[in-house]
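Have a look at the structure below before the remarks.
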Amino acid sequence: MKLIIHDLNQSEADRLFGHHPDDAILIGKDQEIHQCVGCFGCWIETPGLCKIKDDFRDIGKRMAQSDEIEIISHCLYGGFSPFVKNVLDRTLPYHQPYFTIREGETHQKDRYKNHVNLSVRFYGEDITLPEKATAERFVEYNGVDLHAQSHTVSFYKNLEEMEAQRQ
Amino acid sequence: MKIGLINGSPKAIGSTSEVLLDELKALLPKDHDLVSIGIHHAMLGVNKLEDITSCDVLVFALPMYMGGIPSHLLHCLIQLEKYLTESPHDITVYAIVNNGHYEGVQNETTIAMMKNWTHRAHLKWGQGIGIGTGIMIAEAKDVPMGHGLKKNLAHPYSTFVNNLLDRESSDNLYVNPTYPRFALLQGANHDWTKQGKAHGLRKKDLTIAP
Numbered sequence: 149m150k151l152i153i154h155d156l157n158q159s160e161a162d163r164l165f166g167h168h169p170d171d172a173i174l175i176g177k178d179q180e181i182h183q184c185v186g187c188f189g190c191w192i193e194t195p196g197l198c199k200i201k202d203d204f205r206d207i208g209k210r211m212a213q214s215d216e217i218e219i220i221s222h223c224l225y226g227g228f229s230p231f232v233k234n235v236l237d238r239t240l241p242y243h244q245p246y247f248t249i250r251e252g253e254t255h256q257k258d259r260y261k262n263h264v265n266l267s268v269r270f271y272g273e274d275i276t277l278p279e280k281a282t283a284e285r286f287v288e289y290n291g292v293d294l295h296a297q298s299h300t301v302s303f304y305k306n307l308e309e310m311e312a313q314r315q
Numbered sequence: 004m005k006i007g008l009i010n011g012s013p014k015a016i017g018s019t020s021e022v023l024l025d026e027l028k029a030l031l032p033k034d035h036d037l038v039s040i041g042i043h044h045a046m047l048g049v050n051k052l053e054d055i056t057s058c059d060v061l062v063f064a065l066p067m068y069m070g071g072i073p074s075h076l077l078h079c080l081i082q083l084e085k086y087l088t089e090s091p092h093d094i095t096v097y098a099i100v101n102n103g104h105y106e107g108v109q110n111e112t113t114i115a116m117m118k119n120w121t122h123r124a125h126l127k128w129g130q131g132i133g134i135g136t137g138i139m140i141a142e143a144k145d146v147p148m149g150h151g152l153k154k155n156l157a158h159p160y161s162t163f164v165n166n167l168l169d170r171e172s173s174d175n176l177y178v179n180p181t182y183p184r185f186a187l188l189q190g191a192n193h194d195w196t197k198q199g200k201a202h203g204l205r206k207k208d209l210t211i212a213p
């Protein structure tokens, strides 16, 4: 299954994902989301499930059922837009609380056995070179942190350009 | 000089960012005007916007969330960027970023994002400091600076404060805990099990995959 996390409005999403495969699940701004407050309840009280009762309580489980995660986000300061970052912030239950060493650095152990392929598509008319450099390092970090099988990052000026290259 | 100490943690009370700002405050001379501002939600009121933009120096303290800035703070940075670019402001920006992992350098991308925001907001970037195992430093809040878990923090913090008071820009600093990684991670893993037990869960319950 493919999980697509995006920050597009409905008409943009319809245009871009009009013919998306049946096994793809879209996560967009139409879903209710609250911010992660760093309570660690998803580790020590309800392991694997966020304590916040909104549409993202089981985001870890949904990620575990995916073999591919595609993120489409406006590039903001070299990272994700607030909505997409909020979704990523809420993926803490995807991990165990216990530490391990990965790529020479401390990260959390895997709760699930899957290793997703992560692809990130940033868009924005005026992404600066330092922002691009930050975004590339950020996605690399996410790849290691999520223990992804692979990670790719690409940049587009606008959705038209993305649409043309995504097909 | 007016220095804004901004707590960018989503936790309103008891955050590591709060402790790290308190440690910084203790090192600042008393003749400066210090303003403490909490950004714990995704929207800034007019009073906070005015407080922040009236400072000469801003110090953001925040946790690294998944390699970047917590989402609620991104909302507020967008709001601030709009407000700040309406007219020129002579503000120098510093950032203290902590993470729950061992390596301070894991905060590098978050600090880079704060620097990128500074440029978008037409402000001057000062310096970032990335601190590993932030939560343990916070729990050792009564330990004097330069001792125990804070041994490795003293010198970088002193350099950071000197740069801040001179409004100088400098390379980012990264701080690892004093103790060896293996020992610290073993202790932290044991602590997670203990916290789970407090909620009636066994060690293997914490690893279930729903």
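Those protein sequences? They're chains A and B, same order as listed.
Counting along the first sequence from 1, when you hit position 89 you're at 237 in this note's numbering, and nothing is skipped either side.
Counting along the second sequence from 1, when you hit position 64 you're at 67 in this note's numbering, and nothing is skipped either side.
Ideal Cβ placement from N, Cα and C applies to all residues, glycine included.
Check                                                                                                                                                                        : Outcome
Could you spell out where the beta strand (DSSP E) holding E180 of chain A opens and where it closes?                                                                        : Taken as a continuous stretch (DSSP letters only), E180 of chain A belongs to no beta strand (DSSP E), as it is neither H nor E.
Can you confirm whether K201 of chain A, when its beta carbon is compared against all beta carbons of chain B, has any partner nearer than 9 Å?                              : no
Chain B partners of H255 of chain A, CB-CB under 8 Å?                                                                                                                        : H104
Would you say N290 of chain A reaches chain B, if we count a Cβ-Cβ gap shorter than 9 Å as a contact?                                                                        : yes
Under the three-state reduction of DSSP, which class applies to N10 of chain B: helix, strand or coil?                                                                       : strand
Would you please verify whether the beta carbon of L224 of chain A is less than 9 Å from any beta carbon of chain B?                                                         : yes
Is there a Cβ of chain A sitting closer than 9 Å to that of A45 of chain B, yes or no?                                                                                       : yes
Using 9 Å as the limit for Cβ to Cβ distance, is D145 of chain B near chain A?                                                                                               : no
Are the beta-carbon atoms of M67 of chain B and L168 of chain B separated by less than 9 Å?                                                                                  : no
What are the residues that DSSP puts in a beta bridge with W128 of chain B?                                                                                                  : B:V96
Can you grab the Cα-Cα spacing for the pair H193 of chain B / L152 of chain B, in whole Å?                                                                                   : 18 Å
May I ask you to report which of helix, strand or coil DSSP gives K207 of chain B?                                                                                           : helix
Sort A:F188, A:T194, A:C198 by Cα distance to H182 of chain A and report the nearest one.                                                                                    : A:C198
Determine the DSSP secondary structure at A15 of chain B, reduced to helix, strand or coil.                                                                                  : coil
Considering S74 of chain B, what are the terminal residues of the alpha helix (DSSP H) in which it resides?                                                                  : 74–87
Are the stretch 253–273 of chain A and the stretch 86–97 of chain B in contact at 8 Å, needing three or more beta carbon pairs?                                              : no
Rounded to a whole number of angstroms, what is the C-alpha to C-alpha distance between E180 of chain A and C223 of chain A?                                                 : 22 Å
Is any beta-carbon of chain B found at less than 9 Å from that of N234 of chain A?                                                                                           : yes
If you measure beta-carbon to beta-carbon, which residues of the stretch 182–206 of chain A are closer than 8 Å to chain B?                                                  : Q183, C184, V185, G186, F188, W191, I192, E193, P195, G196, L197, D206
From this set, A:G252, A:G227, A:K209, which residue's C-alpha is nearest E284 of chain A's C-alpha?                                                                         : A:G227
Under 8 Å by Cβ, that's how I've got I140 of chain B and I134 of chain B pegged, so tell me the actual separation to the nearest angstrom.                                   : 7 Å
In this structure, how does DSSP classify L197 of chain A when only helix, strand and coil are distinguished?                                                                : coil
Just list the beta strand (DSSP E) runs in the stretch 11–61 of chain B, keeping only unbroken ones of 3 residues or longer that don't cross its boundaries, in chain order. : 36–41
Would T210 of chain B and Y246 of chain A qualify as a contact pair, given that the criterion is a beta-carbon distance under 9 Å?                                           : yes
Are N10 of chain B and A64 of chain B close, meaning C-beta to C-beta below 9 Å?                                                                                             : yes
Quick one: Cα of I200 of chain A to Cα of V235 of chain A, how far?                                                                                                          : 13 Å
Please state if the CB of Q130 of chain B and the CB of Y105 of chain B are separated by a distance shorter than 9 Å.                                                        : no
With distances taken Cα to Cα, identify the nearest neighbour of H43 of chain B among B:L76, B:A115, B:L8.                                                                   : B:L76
Nearest chain A C-beta to L52 of chain B closer than 9 Å, yes or no?                                                                                                         : no
Taking the alpha-carbon of V232 of chain A as reference, which of A:I220, A:R250, A:I192, A:E251 has the nearest alpha-carbon?                                               : A:I220
Does DSSP put V146 of chain B in a helix, a strand or coil?                                                                                                                  : coil
Taking the straight line between their C-alpha atoms, what separation do you get for G190 of chain B and Y289 of chain A?                                                    : 25 Å
Among the residues of its own chain, which have a CB less than 8 Å from the CB of L30 of chain B, if the five just before and after it don't count?                          : M148, Y160, S161, V164
Any Cβ of chain A within less than 9 Å of the Cβ of K118 of chain B?                                                                                                         : yes
Under the DSSP definition of a beta bridge, which residues are partnered with Y257 of chain A?                                                                               : Rather than Tyr, the amino acid found at residue 257 of chain A in this sequence is Lys. DSSP, once it has assigned bridges, lists no residue as partnering K257 of chain A.
Quick check on the burial criterion: 16 or more other C-beta atoms within 10 angstroms. Buried or exposed for E309 of chain A?                                               : exposed
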